[in-house]
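A short write-up of the structure that comes next.
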Amino acid sequence: MLIAPDYRGNALKPIKWYKSLAAGKGRLEAEAFIVEGDKAIKQIISNNPGEIIEILSAEELSPFYRKYTSRLITNSQLRSICSAKTPQGIIAIVRLPLDIYYDKLPEKTGEKILLLEDVQDPGNVGTLIRTAAAFGFSGVILTEKCADPLSPKCVQSTAGTVLSLWIRRTPRYIELVKKLKQEGFCIVAADLSGKEEPSVLQRQNKLLLALGNEAAGLSESILKAADYRLKITMAQRKAESLNVAVCGAICMYLSCHKY
């Protein structure tokens, strides 16, 4: 069994423990997840410095990280833990926010929320979380069929912003949507058959932007609950539709800018 030594040479957790964090069951049991790369780790630290459990590195750490518990591992051990084909030499073990899997909204929801319904590609989910954080959205609601936001590829796509806003991944998302509507949120659904112009995004004090599955789009339940169905005008002879992450980025950008 491979054991990761710390800088003092003491035996610590087996490498298989870190590798188990690639799976949802392993993350829940350990209450931890992995963040890869220097920039992403520093982004986590800038917003949530207390959530770092441990730093693993194949090289001597810079002074920036020396206040954290750290372990030196070999390059081959690092590659066995990382999801990236070319690891960046450093990973962080981060405390898992269990409220991600709650089916209740936080006390302070903020005024702009993103809803992802059955978006299955982890790269799309991670990119949308990163974009939501960049454009000032307070939270993201994901259905149970969405990619797990704490899976390695999804976390990598968030570039360290996964803890920059609140997240809920729950099968009871319809209940959350109804509650938000009762609290005065306007539901704007991105829909290929929509009629509304993007300016509708700029008129809302409380916005819930809904994006659907890569192939099927939004469900009838969300479309019926929506106050507006938004369509992004495009040259459909050249491209039938937009990638959901691109569509979401355009919508979130427009929600922040009035013309």
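Quick note, the numbering used here runs 563 ahead of the 1-based positions in the sequence shown. Built from N, CA and C at the ideal position, the CB exists for glycine as well.
Taking Cβ to Cβ, would you say Leu743 is nearer than 8 Å to Ile676?
Taking the sequence shown and counting its residues from 1, one reaches residue 743 at position 180. Taking the sequence shown and counting its residues from 1, one reaches residue 676 at position 113. Contact: yes.
Mapping the DSSP letters down to three states, classify Ile737 as helix, strand or coil.
Start at 1 with the first residue of the sequence shown, and residue 737 comes out as number 174. Reduced to three states, the DSSP call for Ile737 is helix.
With distance defined between alpha-carbon atoms, name the residue in Lys794, Asn768, Ser639 and Ser762 nearest to Leu774.
As a working note, residue 774 is residue 211 in the sequence shown. Nearest C-alpha to Leu774 among Lys794, Asn768, Ser639 and Ser762: Lys794.
Using only the alpha-carbon positions, how far apart do Thr632 and Ile616 sit?
Translated into the one-based positions of the sequence shown, residue 632 becomes position 69. Translated into the one-based positions of the sequence shown, residue 616 becomes position 53. Distance between the alpha carbons of Thr632 and Ile616 is about 7 Å.
Simplified DSSP assignment, three categories, for Met564:
Here residue 564 corresponds to residue number 1 of the sequence shown, with the count starting at 1. Interpretation of Met564 is limited by its pLDDT of 39, a score under 50 that renders its predicted location unreliable; no figure is taken from the coordinates.
Integer Cβ distance of Leu781 from Glu680, believed to fall under 8 Å
As a working mapping, residue 781 is identified with position 218 in the sequence shown. As a working mapping, residue 680 is identified with position 117 in the sequence shown. Between Glu680 and Leu781 the Cβ distance is about 6 Å, and since that is below 8 Å, they are a contact.
Helix, strand or coil for Ser620 per DSSP?
On the sequence shown, residue 620 is found 57 positions in, with the first residue counted as 1. In the structure shown, Ser620 sits in a strand (DSSP, three-state: E or B).
Using beta-carbon positions only, say whether Lys716 and Pro669 come within less than 8 Å of one another.
In the sequence shown, the residue the question calls residue 716 occupies position 153. In the sequence shown, the residue the question calls residue 669 occupies position 106. Going by C-beta atoms, Lys716 is not nearer than 8 Å to Pro669.
Counting C-beta neighbours from all protein chains within 10 Å, is the total for Asn638 16 or more, i.e. buried, or is it exposed?
Residue numbering aside, residue 638 sits at position 75 when the sequence shown is read from its first letter. Exposed is the call here.
Ala574, buried or exposed, once every other Cβ within 10 Å from all chains shown has been counted against 16
Translated into the one-based positions of the sequence shown, residue 574 becomes position 11. Only weak support is given to the placement of Ala574: the predicted model assigns it a pLDDT of 46, under 50, and the value that follows is read from those uncertain coordinates. Exposed.
Can you look up Arg571 in the DSSP assignment and give me helix, strand or coil?
For this step, residue 571 is matched to residue 8 along the sequence shown. Its pLDDT being 39, under 50, Arg571 is placed unreliably by the model, and the measurement read from it follows with that caveat. Of the three classes helix, strand and coil, the one that applies to Arg571 here is coil, per DSSP.
DSSP three-state assignment for Leu668, whether helix, strand or coil:
Locating residue 668 in the sequence shown gives position 105, counting from the first residue. Residue state, collapsed to three classes: coil.
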